[in-house]
Structure formats: structure tokens, C-alpha cells
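Undergrad: So that we are looking at the same thing, I have put the structure below in C-alpha cells.
Shown next, in the form of C-alpha cells:
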């Protein structure tokens, strides 16, 4: 009996070891399959990104209006102008070669008219300043130099392959559906990166549209960059919006509702909000990926802007961009997602996050602009971009706070770079007796701002959760279980 029991135990032990070995082999195969799937996914993203690079670098994207042959010297460098390639709203674009070097550039030429000088000087100053911000794959077109003469104003800059609208119409629209979706997401991600760069500087571009975003290829990568900065405005960190004068240029449909809204005298408000560029990006994405605009014509869009009961834009399900575009197209700018917030949501998204990770690994970082360090002298120089007369009610705005009342605590704390008296009189900083740290600004009972994504928020990082509140009770069912954010769509 004892021997029989011992044999049974040995047999059971052998069975258990065999089962454990089988499970280990199964786990190894599953891990290998998962790794292979991950590598295949990354390879697909890399393939799509390289396809985008190849398409952008194609000679078919070039539009040559006429050949040229003349030399021009700009800041000590001689350029051989070879082709006239484009005409824009602010001037003409020429293709040129640096003399005695194998380097091609673009030269923007504008008439030297009194009304245009301020715009051009603004653009040149902005390009000079942002060039000094140390960041890889800079999202602003590279500036090489400028020259002002009686003949015209010349700006030498980096040569782009094409703008987004040319690229999309000529190439991507002919591809396979899956390729179009992935390339579309890549374009969205790097466009938002460029806008997040401006948000970090409290800069409003003011004329975001497909023609003002270009693809610049390099040997192994590419970058989507912003151009045309004659309309840029520097937003004070003390306010969320500013009012510009009646001569401010804009592009219909891409101009935000707060800009086009009319007052009681039927005059256009011309308000620019810190998220006005995000609105324009949403319209641009809708146009590129949905094949048209959300409104039939100018009349319908102006009605949308001025109707207080108008509902937010609903984006078609096709293409997989619905969530991204709808949050950028919130009519109320306070509820609208910023470019930086959208990037962080994409990074945390279970699907889009993998694309972000793959792009970061194989090409260019995506969220690096959200944490970039800006030199103090650059910030001080950007403050001077705020042009006289472009702020409405400046005097009343500066005295809106009761000077005898308590100051608000500066959200930048010890990292605040501002030393001017206006800022210091309005905001307390570490070391001041009335400084209250991160808990000084609050919204709601939790003392946190409400996340505009609500229950749809994917972010779990501590920085976001400490600053923003999310629905709590509504996220749980009657049994106290956490509700799945995907609801009926959960697989």
C-alpha cells in the first residue's frame, strides 16, 4: 500500500512537472507572438512614416512657375536664384542655391510697402528668436537671414518639400485606406507638436491652415513645420485671449468662432484665444480627412459663430479621427482641447499611444515640446512681439484686480522667469508671505480644474491627475465597479 501511494505521488509530480513545462512553453510562445506583433506594428508605423517621407520628397510635388537666374546677397551669403515656385498671400517664393555649396534654400520676396513692414519685422523677429530655442527637429521653418531694400524684403529660409494640402491631394488620397489612416494620424501628431511649441511660448499663429504647414524631409526622417509668421501675436500670460485691430488678416473657416463673433453693433469681435490655433487645426484635419468643411458656405459658418444655441461640430466616424477632431472643434474655447493636451491624450490612448511610441523611437519625439526649456532672453524678446494697439482695453485690463486684495499664486512657482512689476504685483511667488503653492488656484469642491475630456480622459500620469478632476461617482455602477470607458463598444 505504501509503495502504491508513493508511485501515485511520483506520477502526480511527473504530471505536474510536465504541465508546468507545457505552461512555460505556452507562455514563452505567447510572449514571442506578442513581441512579434509589437515589432510588426512598429514596422508598419515606420513603413508608413517612411512612405510619407518618400512621397513628400518626390519631385512631383514641385510646382515651378518659371526658371530664374540671378544672384542675391543676404547677410553675407550669396544665393543663386534658380526658380520661381510659388506665390502666397504675403509674397513670392523662390528656390535658390547657396553659392559654391550643395545646399538649396527658399527665398521669400515681398514688396517693401509701409503697411507690410510691421508684419514682416514681426515675422523676422519671431524667426530669429525661436531659432535660439534648443530642440531637435525644430517645428518652425529654419531662418537663415533677411534683407530690406527699396526693391523688396527678402527672407532666406529652409526649403520645404511641399505643404500639407499639396501632399495630401497629390499623393495620400490615392493610397490604401489603412495607409491613409496611419499617415493621417502621423500628420495630426506632428501638426499638434508644432502648435504645442507655440502654446509653450504663449504665441498665437493666427493663420493656421494646410498651406502654412510644410513637410521638410531629411536623410532619415521628416518634420512638419510651420511657416508664415506675419500674423503671430504674443499672448500675455495674465490672460486667455486678446483683441486685435480691424486690419488683422485671417482665413475664413479657419478663423475661430470667438474671432468672427459679432457684437451688438454687428462689428466683428476679433478676439484671439490661446486655443484659437487649436480650432484652426481641427478645421484643417476635418478638411483633409473628411473631404470637406463642416459648413456649406460662409453664410452658414457665420451663423454658426453667432448663434448662441449652435451645437458643436459632429465628426463622421470614418477614418478614426472623430475623438481628436471633435475636441479641437469645441465652439467654446474654454472647453476646447489645446494642442498640448491633445498630444498627451494621444500618448495615453491605448491605440494611438502605440503610434506615438513608435514615432518617438524611430523618428522624432512627439511630446518633447511640452517640457522644453525656453531661454529667458528668448522669452523677454517674445514679449516685445506684443504690438501697440493690439490689446483692447489695456488700461482697464491692467487695473482689473483690486490692488488692495490678495494676489494669486503664480503657477510657475520657482520656475517663473518674469521679473516685471506688473506680473509681480498680480502674482505671489515662493518666498512671498501670501504664496500658497499649487493649491492656490482651484475650481470646484476638489480644488482642481475639471478635465475637459471628463470620463473619456485616458491620462493617468500624476501631473495631470493632481491638476485636473474627473467624474468619480458617475464612473461607477450600482455595484461599485469601475465603468469601462468604452461602454457598449468594448471588445
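Residue numbers (our numbering): 4 to 494.
Even for Gly, the Cβ is constructed at its ideal location relative to N, Cα and C.
Assuming residue 361 is part of the alpha helix (DSSP H), what are its boundary residues?
TA: 355 to 365 is the span of the alpha helix (DSSP H), which, as asked, contains residue 361.
Undergrad: Just to confirm the assignment, what range does the beta strand (DSSP E) spanning residue 495 have?
TA: Outside the modelled stretch of the chain, which goes from 4 to 494, sits residue 495, for which no answer is possible.
Undergrad: Give the range of the beta strand (DSSP E) segment to which residue 69 is assigned.
TA: Start and end: 69 to 77.
Undergrad: I think residue 102 touches residue 83, with their Cβ atoms under 8 Å apart; what is that distance to the nearest whole Å?
TA: Right, their Cβ atoms sit about 6 Å apart.
Undergrad: Compute the Euclidean distance between the alpha carbons of residue 488 and residue 458, then round it to the nearest angstrom.
TA: With a pLDDT of 44 at residue 488, under the threshold of 50, the predicted position of this residue should be treated as unreliable, and no value is reported.
Undergrad: Straight-line CA distance for residue 167 to residue 220?
TA: Each residue's alpha carbon lies about 13 Å from the other.
Undergrad: Kindly indicate which residue of 74, 156, 327, 86 has the alpha-carbon position closest to the one of residue 112.
TA: Out of 74, 156, 327, 86, 156 has the C-alpha closest to the C-alpha of residue 112.
Undergrad: How far does the alpha helix (DSSP H) with residue 107 in it extend, from its first residue to its last?
TA: Not the alpha helix (DSSP H): residue 107 falls in the beta strand (DSSP E), residues 107 to 113.
Undergrad: Quick one: which unbroken alpha helix (DSSP H) runs of 4-plus residues sit fully inside the stretch 123 to 206? Chain order, please.
TA: You should have 167 to 173, 180 to 203.
Undergrad: Under the three-state reduction of DSSP, which class applies to residue 431: helix, strand or coil?
TA: Reduced to three states, the DSSP call for residue 431 is strand.
Undergrad: Tell me the DSSP bridge mates of residue 284?
TA: Looking at the DSSP assignment, residue 284 forms no beta bridge with any residue, so it has no partner.
Undergrad: In terms of residue numbering, what span does the beta strand (DSSP E) encompassing residue 342 cover?
TA: Element bounds for residue 342: not the beta strand (DSSP E) but the alpha helix (DSSP H), 342 to 351.
Undergrad: Does DSSP put residue 471 in a helix, a strand or coil?
TA: Correct three-state label for residue 471: strand.
Undergrad: What whole-angstrom Cβ distance do residue 235 and residue 129 have, given they're in contact under 8 Å?
TA: About 5 Å separates the two Cβ atoms, so the contact holds.
Undergrad: Report the three-state DSSP secondary structure of residue 439 (helix, strand or coil).
TA: Residue 439 falls in the coil class under three-state DSSP.
Undergrad: Residues bridged to residue 208 by DSSP?
TA: None, per the DSSP bridge assignment.
Undergrad: Do residue 328 and residue 192 have their beta-carbon atoms positioned less than 9 Å apart in this structure?
TA: No; because the gap between Cβ atoms is not below 9 Å, this pair is not in contact.
Undergrad: What residues in its chain sit with their C-beta under 6 Å from that of residue 406, if we drop five residues either side in the sequence?
TA: In this prediction, residue 406 scores a pLDDT of 40, lower than 50, which makes its location untrustworthy; the coordinate-derived value is nonetheless stated afterwards. Taken in chain order, the list of residues that qualify is empty.
Undergrad: Is any heavy atom of the ligand FMN found at a distance shorter than 8 Å from the C-beta of residue 458?
TA: Looking for the ligand FMN in the displayed structure turns up nothing, as the structure carries no ligands at all.
Undergrad: Pick from 104, 380, 348: whose alpha carbon is nearest that of residue 456?
TA: When each option's Cα is compared against that of residue 456, the closest is 348.
Undergrad: Starting from the C-beta of residue 159, find all residues in its chain whose C-beta is less than 6 Å away, skip the five residues before and the five after it, and write them out in chain order.
TA: Excluding sequence neighbours, residue 159 sits near 77, 108, 110, 147, 148.
Undergrad: What are the boundary residues of the beta strand (DSSP E) that residue 244 is part of?
TA: Taken as a continuous stretch (DSSP letters only), the beta strand (DSSP E) holding residue 244 covers 244 to 246.
Undergrad: Can you name the residues that DSSP bridges to residue 218?
TA: DSSP output for residue 218 lists 165, 227 as bridge partner(s).
Undergrad: Would you mind working out which of 287, 264, 290 sits nearest residue 302, comparing C-alpha positions?
TA: Answer by Cα proximity: 264.
Undergrad: According to DSSP, is residue 100 part of a helix, a strand, or is it coil?
TA: Residue 100: strand per DSSP, three-state reduction.
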